[in-house]
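Below is one structure; the comments refer to it alone.
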Amino acid sequence: MQLEYKKNKSIFFSFKKLSTVFFENYTVSYISLKAKEKNNYFGSFKDNKFNPKLEAKITEKIWKEIPSNFIEAKLGNYSFTENSFSAIVTIDCRVSEEATKKLMPKIIASFKARSTILLNQLHGKHGRVFWENCYKEEAISDLKQLNEVLKRL
20 MQLEYKKNKS IFFSFKKLST VFFENYTVSY ISLKAKEKNN YFGSFKDNKF NPKLEAKITE
80 KIWKEIPSNF IEAKLGNYSF TENSFSAIVT IDCRVSEEAT KKLMPKIIAS FKARSTILLN
140 QLHGKHGRVF WENCYKEEAI SDLKQLNEVL KRL
């Protein structure tokens, strides 16, 4: 079964030819994080197109560094809205399912910490908390769910 990509922003690995075996060997998650500031922090939409600010570009750079720090993680599509960041993350759980459950919070914490440091440097501030404390994580267990999430991105 082939997937359809209608809004493919960026993809770092192929979801083609996925089977139930894939979803047994990998944990696929949709994550969403919100900025504490609610004033078009990452950019704005004009003519149905997102115009990113420098803050979005810095956040994107940090996001793309995750696989170099967490080799079990593969990044899928991601997107920005004015005040939030959403993405798909796949973690290889063939080693240990228990380790996989603990890895996502570590990935998110690392991403939030590194992006906060760089965003504070950009604004000449120190110690400001940038992200909301909680984040949304949704497990994706089949192709139907994956397609639904891809439509949101």
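Quick note on my numbering: the sequence shown kicks off at 20 and runs consecutively. Don't be surprised by glycine CBs; every beta carbon is placed ideally from N, CA and C.
query = Across which residues does DSSP place Phe-99 in a beta bridge pair?
reply = Here residue 99 corresponds to residue number 80 of the sequence shown, with the count starting at 1. According to DSSP, Phe-99 bridges with Phe-104.
message = If you reduce the DSSP assignment to three classes, tell me which class Leu-172 lands in.
response = For the purposes of this step, residue 172 is taken as residue 153 along the sequence shown, with counting starting at 1. Note: Leu-172 maps to coil in three-state DSSP.
ask   = Should Ile-178 and Tyr-49 be called a contact, given that it needs their Cβ atoms to be closer than 8 Å?
value = Since the first and last residues shown for the chain are 20 and 172, residue 178 lies out of range.
Candidates Phe-42, Glu-43, Leu-52 and Val-47, of which the one nearest Asn-152 by Cα = Walking along the sequence shown from the start, residue 152 turns up at place 133. It is Leu-52 whose Cα lies nearest to the Cα of Asn-152.
inquiry  = Measuring straight from C-alpha to C-alpha, what distance separates Ala-158 and Gln-164?
reply    = One-based indexing of the sequence shown puts residue 158 at position 139. One-based indexing of the sequence shown puts residue 164 at position 145. Their Cα atoms are separated by approximately 9 Å.
task = Could you tell me how far apart the beta carbons of Lys-57 and Asn-102 are, in whole angstroms, since I believe they sit closer than 8 Å?
result = Taking the sequence shown and counting its residues from 1, one reaches residue 57 at position 38. Taking the sequence shown and counting its residues from 1, one reaches residue 102 at position 83. That pair is a contact at about 5 Å.
Option nearest Tyr-97 by Cα separation, candidates Leu-137, Leu-162, Ile-81 and Lys-144 = Walking along the sequence shown from the start, residue 97 turns up at place 78. Among Leu-137, Leu-162, Ile-81 and Lys-144, the Cα nearest to that of Tyr-97 belongs to Ile-81.
query = Taking the DSSP output, what are the residues bridged to Glu-157?
reply = For the purposes of this step, residue 157 is taken as residue 138 along the sequence shown, with counting starting at 1. According to DSSP, which records beta bridges pairwise, Glu-157 is partnered with Tyr-49.
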